[in-house]
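A short write-up of the structure that comes next.
Residue numbers (our numbering): 1154 to 1280.
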C-alpha cells in the first residue's frame, strides 16, 4: 500500500461538521424503517471504529465516514440501528440489516476493502 496522506486537524473539523449535518437526518430516516429509537448522536474522531452504540441507545459515528460513498454510510448507520434490536451479530441481526438494505453485503465488502486506508488518514495526534 502506498503512503496515505494524513488529514489536517482543520480537515478533520470540517469532516465532523459535515457529519453533524448529514448523519442525524440519515439516522432518523433509517430508524423509522428499522423500527427503533435512539438517544443522542455524537461524531467522534476514532482511529479504529466506524461507529458504536451505548447501552442507553446513544449512537457514535466516526467523522471519517464522510469519506465513504453514501451507500456505505447508510450501511454503517443501518448496521448500528439494527443493534438496537439485536445486540450481537447473529443471523437475526443480519436479517434485520438485509430487510432494510438487501445489498448490504456490497457495502460491507467495500468497507472491508477500503476502510483501513481511510482510517490511516487520521492525524497522528488523535487518540
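Heads up, the beta-carbon is just placed ideally off N, CA and C, and yes, glycines get one too. Keep in mind the model is a prediction, meaning the values are calculated, not measured.
Q. So, are the CB atoms of residue 1190 and residue 1214 less than 9 Å apart?
A. No; because the gap between Cβ atoms is not below 9 Å, this pair is not in contact.
Q) Which value, in whole angstroms, describes the spacing of the CA atoms of residue 1228 and residue 1251? A) Note on geometry: alpha-carbon atoms of residue 1228 and residue 1251 lie some 10 Å from one another.
Q: Could you check how far apart the C-beta atoms of residue 1218 and residue 1272 are, in whole angstroms? I think they sit under 8 Å.
A: Not quite, the Cβ-Cβ distance comes to about 11 Å (not below 8 Å), so this is no contact.
Q: Buried or exposed for residue 1242, please, with buried defined as at least 16 other CB atoms from any protein chain shown within 10 angstroms of its CB.
A: Its Cβ having fewer than 16 others within 10 Å, residue 1242 is exposed.
Q. How would you label residue 1154, buried or exposed, when you count the other beta carbons within 10 angstroms and need 16 or more for buried?
A. Because the pLDDT of residue 1154 is 42, which lies under 50, any placement of that residue in the model is unreliable, and the number read from its coordinates should be weighed accordingly. Classification for residue 1154: exposed.
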